[in-house]
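Notes follow once the structure below has been shown.
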Amino acid sequence: MPHRKLQPGRLVLASHNAGKLREVAALVAPHGMQVVSAGELGLPEPAETENSFLGNAGIKALAAARAAGLPALADDSGFSVAALGGDPGVRTADWAELPGGGRDYTMAMAKVAALAEPHANRRAWFTCALVLAWPDGHTEGFEGKVHGTWVHPPRGERGFGYDPMFVPEGHSQTFGEMDPAEKHRISHRARAFALLAAACLPGAG
Numbered sequence: 003m004p005h006r007k008l009q010p011g012r013l014v015l016a017s018h019n020a021g022k023l024r025e026v027a028a029l030v031a032p033h034g035m036q037v038v039s040a041g042e043l044g045l046p047e048p049a050e051t052e053n054s055f056l057g058n059a060g061i062k063a064l065a066a067a068r069a070a071g072l073p074a075l076a077d078d079s080g081f082s083v084a085a086l087g088g089d090p091g092v093r094t095a096d097w098a099e100l101p102g103g104g105r106d107y108t109m110a111m112a113k114v115a116a117l118a119e120p121h122a123n124r125r126a127w128f129t130c131a132l133v134l135a136w137p138d139g140h141t142e143g144f145e146g147k148v149h150g151t152w153v154h155p156p157r158g159e160r161g162f163g164y165d166p167m168f169v170p171e172g173h174s175q176t177f178g179e180m181d182p183a184e185k186h187r188i189s190h191r192a193r194a195f196a197l198l199a200a201a202c203l204p205g206a207g
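Read the sequence shown against my numbering and you will find it ends at 207, with the numbers running on by one and no gaps.
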């Protein structure tokens, strides 16, 4: 079945995460899309009840598309450590949750390191799932990964989330140290987006 193409115009980014919004908005802008965030539209964040990145991205994209009456793009991404059986994985954000609300990724990175340190295996990876949804319920999903190793203590003030503890294969800097343009070129989000763009975005493919 052929992929459905987006038409140039307004696109809802179904995220309240400022870091993700910056990255995704930069990716879609060259394709003639005028981006508005779910937060700007006052849309609630739906419960992420699936056990996969694509499943949770689909929940968010469909909820935003139906509520706004516009096509919506959602991202669900996470950090996985081989020594922890792939955790935090789809619960990446949950590991950073604070009892009184908000998130502390410095705490989350310390937790990952403490649990993984006894193991020799330092393999880690980031996964990004992107789902486009239309108000009629049609969806298109794409997934990208980038592999590397985890390090602790964290290094770098750039990026967000677990970026300061991840060194991608073939590089010596963490995502938190890397120039944002370089990170965007090689990241899990960039890999998922390249697939999405070729299939669904105007002026691509």
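Backbone N, C-alpha and C fix where the C-beta goes; we use that ideal spot for every residue, glycine too.
Look at Thr-129 here: in three-state DSSP terms it is strand. With respect to the C-alpha of Ala-69, the residue from Val-14, Gly-146, His-140 and Pro-156 having the closest C-alpha is Val-14. Taking the Cα positions, Arg-160 is about 10 Å away from Gly-21. Counting the other CB atoms within 10 Å of its CB gives Asp-181 a total below 16, which places it among the exposed residues.
Here DSSP, grouped into helix, strand and coil, assigns Leu-15 to strand. Annotated as distal: Ala-95 and Asn-123, with beta-carbon spacing of 7 Å or more. Fully enclosed beta strand (DSSP E) runs of no fewer than 3 residues occupy 125-135, 141-152 and 168-170 of the stretch 114-174, in order along the chain. Look at Gly-80 here: in three-state DSSP terms it is strand.
Under the DSSP assignment, Val-37 falls in the beta strand (DSSP E) whose first and last residues are 35-39.
With contact defined as three or more Cβ pairs closer than 8 Å, the stretch 43-50 and the stretch 59-67 are in contact. Between Ala-27 and Cys-130 the beta-carbon gap is near 15 Å, outside 8 Å, which marks them as no contact. Apart from sequence neighbours up to five positions away, the residues of its chain that approach Ala-16 with a beta-carbon distance below 6 Å are Ala-40, Lys-62, Ala-63, Ala-66, Ala-74 and Ala-76, ordered along the chain. Nearest Cα to Pro-204 within the set Ala-118, Arg-157, Asp-165 and Leu-29: Leu-29. Beta-bridge partners assigned by DSSP to Leu-43: none are found. For Glu-99, the beta-bridge partners assigned by DSSP are Arg-105.
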